[in-house]
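J.: Starting off with a structure, shown below.
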Amino acid sequence: MSQRLLLVSTLDSNQPFGAFTRPFYLGQYLTKYFDVCQLGLNCSTVDYATSVSVGSRSLSSYIKAIQKSIDEFQPDIIYAQETLPGLAALISLTIKKRKNCSLALDFHTFSAYEYWSRLFSVANPLNEFKQLVKTYLAQGVLIFSGNPIIAAGESTPKLVKQWYGYNSNNIHCVGNGVTEDFLNMEITKDSDPFEKLRPAKVVVLVAPKTFQFPSNDMSVSMAIDVARNLESHSDKVQFVVIGRDASDAQQPLPSNIHFAGFLPERKDFINHLRYTDIGFLPFPKQAVAGGARNKTLDYFASRKLVISTPEGLRGLEEFQHDKHLLISGYSAKEVADLVLSAALNLEKYQPLADAAHSLIREKYSWSAKAQNVADVLMSLNQNQLSLLTNA
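Structure representation (structure tokens):
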């Protein structure tokens, strides 16, 4: 009989990107190893397992929903992703006193570090500082609870030691993956959505509006600056932002940048990436772009040349400059010069895109990542059972 896994996250089917991606796809493939129940904000798109929609980001709502799920679903393991679900799960298990249920935490990002890095570059630093303190304390509670942590970023163990003086051997780094529809893109008769921009090469930035974190806003601002530097070369390079409208921009726009809005249909998003020439990750250093991992992997899986600042590769340091992609400096002019050079010599850089695609197929499918997570979770539960037997 399969062990029962309650996966708790902030999954929101109304925003199928960012924080949605990791719990949704891990949950989908974890059904191979566990009887899964997915608990999140809005789980209406979860068609592969039992699900519970909380409907509110409040801690009390999550605690109430988790306690009810513990009673009704009776999980052997709770896998809680990000800070709010982690705190709610820890409190719920403490209240319920369920010794035969293990808890594993998942840190998609190290939030306190992100807030600190942006503190002096945001419009409201006081509010950013308050969030920093709250997340520092909250993640500290989770870290010192002693429960195992599955981290999306390789830097997390180092950051935990730096920020909390806590050297844990119970942090397992399992990054994000890519979906099969990108890995196995089929040739279709769908028309080129960028036809009106041709013969220019199209540079695409995926930057949806996200809850709370301004990293994508920063990337859009930098993309606008880069586009402005290349406005005189609009016959060679055009920029497209997917995930938001031009009305979201906070500054005048050059003529060579366009906003495609949010693409609610998965097939439309895939088609846009299919016809993209260059995947773009213009993140300034202070953006602390943990969420860029999903975009980067999608570009690589689509066999597109990627141009990124160093920050755009956070958590994906295995991909190297001039081997898998092109990495620029942080100034808008440096980025612009590299984009123009690549657009004029795209065939020259195709081997980089091919090398990145091969690495993605080998190591970065969601199926492979779910197996890594399942190994951690199953070993955790076996240890718990051993402790109960010897008690």
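803 is the number of the first residue of the sequence shown in the numbering used here; add one for each residue after it.
Beta carbons are placed, not taken as given, at the ideal position from N, Cα and C, and that holds for glycine.
Computed from a predicted model, the values in this text were never measured in an experiment.
Look at the alpha carbon of GLU982 and the alpha carbon of TYR831, and state the distance between them as a whole number of angstroms.
T.: Translated into positions along the sequence shown, residue 982 becomes position 180. Translated into positions along the sequence shown, residue 831 becomes position 29. The straight-line gap from Cα to Cα measures roughly 12 Å.
J.: Express the C-alpha separation of GLN933 and LEU961 in angstroms, rounding to a whole number.
T.: In the sequence shown, counting from the first residue as 1, residue 961 sits at position 159. In the sequence shown, counting from the first residue as 1, residue 933 sits at position 131. Distance between the alpha carbons of LEU961 and GLN933 is about 18 Å.
J.: Among ILE879, THR1078, MET1020, TRP965, which residue has its Cα nearest to the Cα of GLN1052?
T.: Within the sequence shown, numbered from 1, the residue matching residue 1052 stands at position 250. GLN1052 has its Cα closest to that of MET1020, out of ILE879, THR1078, MET1020, TRP965.
J.: Could you have a look at SER1188 and say whether DSSP puts it in helix, strand or coil?
T.: Reading the sequence shown from its first residue, position 386 is the one you call residue 1188. Note on SER1188: pLDDT 46, under 50, position unreliable in the model; the coordinate value appears next. Helix.
J.: At what residues does the alpha helix (DSSP H) containing PHE996 begin and finish?
T.: Taking the first residue of the sequence shown as position 1, residue 996 is located at position 194. Taken as a continuous stretch (DSSP letters only), PHE996 belongs to no alpha helix (DSSP H), as it is neither H nor E.
J.: Quick check on GLU930: buried or exposed, where buried means 16 or more other Cβ atoms within 10 Å of its Cβ?
T.: What you label residue 930 is simply residue 128 of the sequence shown in a count that begins at 1. That one is buried.
J.: ILE1044 to SER871, Cα distance in whole Å?
T.: Taking the first residue of the sequence shown as 1, we reach residue 1044 at position 242. Taking the first residue of the sequence shown as 1, we reach residue 871 at position 69. Cα to Cα, the separation comes out at about 37 Å.
J.: Answer yes or no: do TYR966 and GLY948 have a C-beta to C-beta separation smaller than 7 Å?
T.: By 1-based counting over the sequence shown, the position of residue 966 is 164. By 1-based counting over the sequence shown, the position of residue 948 is 146. No, they are not a contact pair.
J.: Starting from GLY979, follow the beta strand (DSSP E) in both directions and report where the run begins and ends.
T.: The residue given as residue 979 occupies position 177 in the sequence shown. It is not in any beta strand (DSSP E) - GLY979 carries neither H nor E in the DSSP assignment.
J.: ARG806 bridges to which residues according to DSSP?
T.: The residue given as residue 806 occupies position 4 in the sequence shown. DSSP, once it has assigned bridges, lists ASP837 as partnering ARG806.
J.: Where do the ends of the alpha helix (DSSP H) carrying TYR864 lie?
T.: The residue given as residue 864 occupies position 62 in the sequence shown. Here the alpha helix (DSSP H) through TYR864 covers 861 to 875.
J.: Pull up the distance between the alpha-carbon of ILE945 and that of LEU1146, whole angstroms please.
T.: Position 143 of the sequence shown, counted from the start, is the residue given in the question as residue 945. Position 344 of the sequence shown, counted from the start, is the residue given in the question as residue 1146. Answer to the nearest angstrom: the Cα atoms are 49 Å apart.
J.: Less than 6 Å between C-beta atoms, sequence neighbours within five positions excluded: which residues of the same chain meet that for SER1188?
T.: As a position in the sequence shown, residue 1188 is number 386, starting the count at 1. Reliability of the predicted coordinates at SER1188 is poor, the pLDDT of 46 falling under 50, and no value is obtained from them.
J.: As a quick exercise: from HIS910, LYS1165, VAL1004, pick the residue whose alpha carbon is nearest that of LEU1142.
T.: As a first step, residue 1142 must be located in the sequence shown, where it is residue number 340. Out of HIS910, LYS1165, VAL1004, VAL1004 has the C-alpha closest to the C-alpha of LEU1142.
J.: Between which two residues does the alpha helix (DSSP H) carrying TYR917 extend?
T.: Taking the sequence shown and counting its residues from 1, one reaches residue 917 at position 115. 913 to 920 is the span of the alpha helix (DSSP H), which, as asked, contains TYR917.
J.: Identify whether ALA1193 lies in helix, strand or coil by the three-state DSSP scheme.
T.: The residue given as residue 1193 occupies position 391 in the sequence shown. At ALA1193, the pLDDT of 43 sits below 50, so the modelled position is not reliable; the number obtained from the coordinates is stated separately. Note: ALA1193 maps to coil in three-state DSSP.
J.: Report all residues from its chain with a CB closer than 8 Å to the CB of SER804; omit the five preceding and five following residues, and keep chain order.
T.: What you label residue 804 is simply residue 2 of the sequence shown in a count that begins at 1. Contacts found: TYR835, PHE836, ASP837.
J.: Specify the secondary structure class of PHE931 as computed by DSSP and reduced to three states.
T.: In the sequence shown, residue 931 corresponds to position 129, counting from 1. Of the three classes helix, strand and coil, the one that applies to PHE931 here is helix, per DSSP.
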